[in-house]
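Number of protein chains: 2
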Amino acid sequence: MDFQVTFKVNSSIYLRDPEASELGKQIVKQAIDLIYELGFEHFTFKKLAIQVNTTEASIYRYFENKHRLLLYILNWYWSYIEFLMGFKLQNLENPVIKLQLIIDLLTHELPQSSGGLEYNKKFLNRIAIAESSKVYLVKEVSEINKNEVFKPYKDLCATIAAVISDYNPTYKYPRSLSSTLIETSHNQQYFSNYLPRLTDVTQTDSNKDFVHDFLSDFVFKILDK
Amino acid sequence: MDFQVTFKVNSSIYLRDPEASELGKQIVKQAIDLIYELGFEHFTFKKLAIQVNTTEASIYRYFENKHRLLLYILNWYWSYIEFLMGFKLQNLENPVIKLQLIIDLLTHELPQSSGGLEYNKKFLNRIAIAESSKVYLVKEVSEINKNEVFKPYKDLCATIAAVISDYNPTYKYPRSLSSTLIETSHNQQYFSNYLPRLTDVTQTDSNKDFVHDFLSDFVFKILDK
DNA sequence: ACGAAAATGATAGTAAAGCTATTATTTAAT
DNA sequence: ATTAAATAATAGCTTTACTATCATTTTCGT
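Chains as they are written, first to last, in the working numbering: chain A, 1 to 225; chain B, 226 to 450.
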């Protein structure tokens with residue numbers, strides 16, 4: 001089975017809907033590639049314009065600035081994770097299996113279908129790990145938050161929290177555990193890669209498997225106690 | 226009891242030791258105030274120069290760029306936390322108390338003595354929460370890491386890991402749990418403040434107490450299981 | 001106390017980043 | 001076919017990030 005998905009991203013994030021034109025789609029697609037390649041700090045609209053073979057001014061008609069573009073990409077990513085989660089959890093009853101699937105999803109790369117038009121999932125994953133905190137760790141967070149632009153993240157958090165509460169209705173911190181799971185999956189993947197002394201990963205471990213095992217152990221110990 | 230502490234920060238972080246001159250000390254002190262006020266993205270050496278009443282060029286003689294200056298500040302902060310931890314844990318035997326003290330330290334503001342010369346601990350704490358990930362979430366992380374500039378963070382992590390292993394020698398992930406504790410304390414403090422739906426904080430809770438309780442609950446559940 | 005060396009200040013300048021504006025040209029919609 | 005909308009081409013402006021030069025002040029060894 002192979003299909004393509006897109007999501008309606010909150011329209012207050014962009015000036016012009018990038019999904020609505022070929023240029024817009026290219027801007028987002030190439031932005032993902034370029035942020036992956038350069039890191040967000042070195043990524044500029046000038047460089048993106050060259051990559052897309054358009055002009056800086058054209059990109060500014062879609063996004064106010066590069067921060068908004070990153071926010072757009074992450075909204076898309078969070079929506080996609082939530083979509084996949086709903087898809088995988090459907091018809092499942094056993095909350096143990098559900099939690100396991102959630103941890104799988106948070107610690108492994110996303111399926112990439114062959115279509116050259118869709119976003120590169122490996123890059124998206126890496127951007128979520130290394131750049132996602134930069135969208136909310138800014139002075140303007142409260143202002144930005146007013147337009148519900150973090151809704152997909154909050155929704156994802158709520159979805160996971162519901163599974164947690166389903167598994168153990170007496171646990172007092174389902175949302176915090178949920179956001180901790182998401183953030184820790186990013187952190188530990190990053191650390192095990194670049195700062196392994198902050199983790200217990202070993203040379204023989206695959207990083208992704210290590211994080212999976214750590215989180216699995218972590219969640220079930222907390223919820224089974 | 227009132228005393229003042231300073232730490233030798235890894236000399237590869239700076240070009241000229243800021244502790245060795247009045248100007249250097251002012252640069253760091255005012256940088257803390259200004260990063261707190263503006264957020265790291267809006268903080269520039271130009272603005273800092275005005276605040277310190279010196280020139281941009283003079284600041285560049287101390288630090289290669291603002292990223293290095295942030296790294297310096299966080300190295301100082303991590304060393305300070307480690308120092309306080311050693312201080313508070315000394316002569317204690319009971320690992321339960323030790324872990325509780327560690328969680329206290331990670332979730333509450335630091336003691337600020339009255340001396341006007343020392344760094345503002347409230348600001349430092351806020352910088353650690355909101356800006357610390359920006360020193361390692363950069364493309365150049367591996368290059369930067371070569372000079373041991375993250376050593377204070379790794380040491381702190383190892384110190385906490387030792388207490389964890391002391392408490393429960395069979396637990397398999399003392400370092401990962403340790404870095405998760407540190408990062409989660411930052412995240413949850415930030416979220417409970419600005420994006421409370423990602424947490425289970427209530428209006429009546431103090432944020433710091435909420436995070437303390439959440440962390441306490443999960444650490445002991447994990448280690449007692 | 002003196003001269004040398006080091007640190008700082010004053011000033012300038014450059015390249016890139018971040019952003020806006022104008023007009024011409026192409027594309028899409030009715 | 002006409003009109004509106006989108007894009008390209010170009011320019012320009014402000015700020016950031018950083019380097020260079022040289023004069024002046026401070027510090028330090030003797």
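Cβ atoms here follow ideal geometry from the backbone N, Cα and C, with glycine treated the same way.
Could you tell me the boundaries of the alpha helix (DSSP H) in which residue i lies?
i, result
"A20 (chain A)", "Looking at the DSSP string, A20 (chain A) is not in any alpha helix (DSSP H), and its letter there is neither H nor E."
"I222 (chain A)", "N207 to D224"
"G311 (chain B)", "K291 to L314"
"Y378 (chain B)", "K376 to Y392"
"R286 (chain B)", "First-last for R286 (chain B): undefined, no H or E at that position."
"D200 (chain A)", "Run containing D200 (chain A): none; DSSP gives neither H nor E here."
"R351 (chain B)", "K346 to E356"
"Y419 (chain B)", "P399 to Y419"
"P95 (chain A)", "P95 to T107"
"Q276 (chain B)", "F270 to V277"
"V141 (chain A)", "V141 to N145"
Short of 7 Å in beta carbon distance, which residues of its chain neighbour residue i, apart from the five on each side in sequence? Order them along the chain.
i, result
"I352 (chain B)", "I257, I260, Y261 and I298"
"S357 (chain B)", "L299 and H411"
"V366 (chain B)", "none"
"Q428 (chain B)", "none"
"V426 (chain B)", "S417, N432 and F435"
"I222 (chain A)", "L177"
"L92 (chain A)", "K98"
Going by beta carbon distance, what residues of the same chain come within less than 6 Å of residue i, once the five residues before and after it are set aside?
i, result
"N372 (chain B)", "S237"
"S216 (chain A)", "I103"
"I79 (chain A)", "Note on identity: in this sequence residue 79 (chain A) is Ser, with Ile being the wrong assignment. Result list for S79 (chain A): F7 and P152, in chain order."
"I407 (chain B)", "none"
"Q112 (chain A)", "K121"
Please go through the same chain and pick out, in chain order, the residues whose beta-carbon is closer than 8 Å to the beta-carbon of residue i, but skip the five residues on each side of it.
i, result
"P95 (chain A)", "V163, D166 and Y167"
"E307 (chain B)", "P377, D380, L381 and T384"
"L330 (chain B)", "I306, L309, M310 and K313"
"Q290 (chain A)", "The structure shown does not extend to residue 290 (chain A), since chain A is modelled only from 1 to 225, so the question has no answer here."
"F43 (chain A)", "A31, L34, I35 and K66"
"Y212 (chain A)", "Sequence check: residue 212 (chain A) is His here, not Tyr. Only I103, D104, T107 and H108 meet the Cβ criterion."
"S400 (chain B)", "Per the sequence presented here, residue 400 (chain B) reads as Arg, with Ser not at that position. Answer for R400 (chain B): C382, A383 and A386, listed in chain order."
"R203 (chain B)", "As shown, chain B starts at 226 and ends at 450. That puts residue 203 (chain B) outside it, with no answer to give."
"K250 (chain B)", "P243, E244 and L342"
"K47 (chain A)", "L34 and L38"
Determine, using beta carbons only, whether residue i and residue j come nearer to each other than 7 Å.
i, j, result
"I354 (chain B)", "Y415 (chain B)", "yes"
"T180 (chain A)", "T409 (chain B)", "yes"
"E281 (chain B)", "F265 (chain B)", "no"
"S417 (chain B)", "F435 (chain B)", "yes"
"V230 (chain B)", "Q255 (chain B)", "no"
"F439 (chain B)", "Y171 (chain A)", "no"
"T279 (chain B)", "K433 (chain B)", "no"
"V360 (chain B)", "L295 (chain B)", "yes"
"L117 (chain A)", "Y77 (chain A)", "no"
"K121 (chain A)", "L137 (chain A)", "no"
"I252 (chain B)", "I284 (chain B)", "yes"
"K139 (chain A)", "K450 (chain B)", "no"
Proximal residues, the region 107-126 of chain A versus chain B, C-beta separation under 8 Å: Near chain B, meaning a CB-to-CB distance below 8 Å, no residue of the region 107-126 of chain A qualifies.
Members of the region 79-101 of chain A that neighbour chain B once the beta carbon cut-off is set at 7 Å: none
At least three beta-carbon pairs within less than 8 Å, the region 285-299 of chain B to the region 235-251 of chain B: yes
Pairs of beta-carbons, one from the region 151-161 of chain A and one from the region 360-380 of chain B, closer than 8 Å: are there three or more? no
Select from the region 32-43 of chain A all residues with a C-beta closer than 8 Å to any C-beta belonging to chain B, and list them in chain order. L38, G39, E41 and H42
Taking Cβ-Cβ distances below 9 Å as the criterion, which residues of the region 49-76 of chain A are in contact with chain B? If you check each beta-carbon in the region 49-76 of chain A against every beta-carbon of chain B, the ones closer than 9 Å belong to H67.
Where the region 130-154 of chain A meets chain B: residues whose CB sits under 9 Å from a CB there: Legend: CB atoms of the region 130-154 of chain A lying less than 9 Å from CB atoms of chain B belong to residues A130, E131, S133, K134, Y136, L137, V138, K139, E140, V141, S142, N145, F150, Y153 and K154.
Within 9 Å of chain A by C-beta, residues of the region 429-447 of chain B in sequence order: F435, V436, D438, F439, D442, F443, F445, K446 and I447
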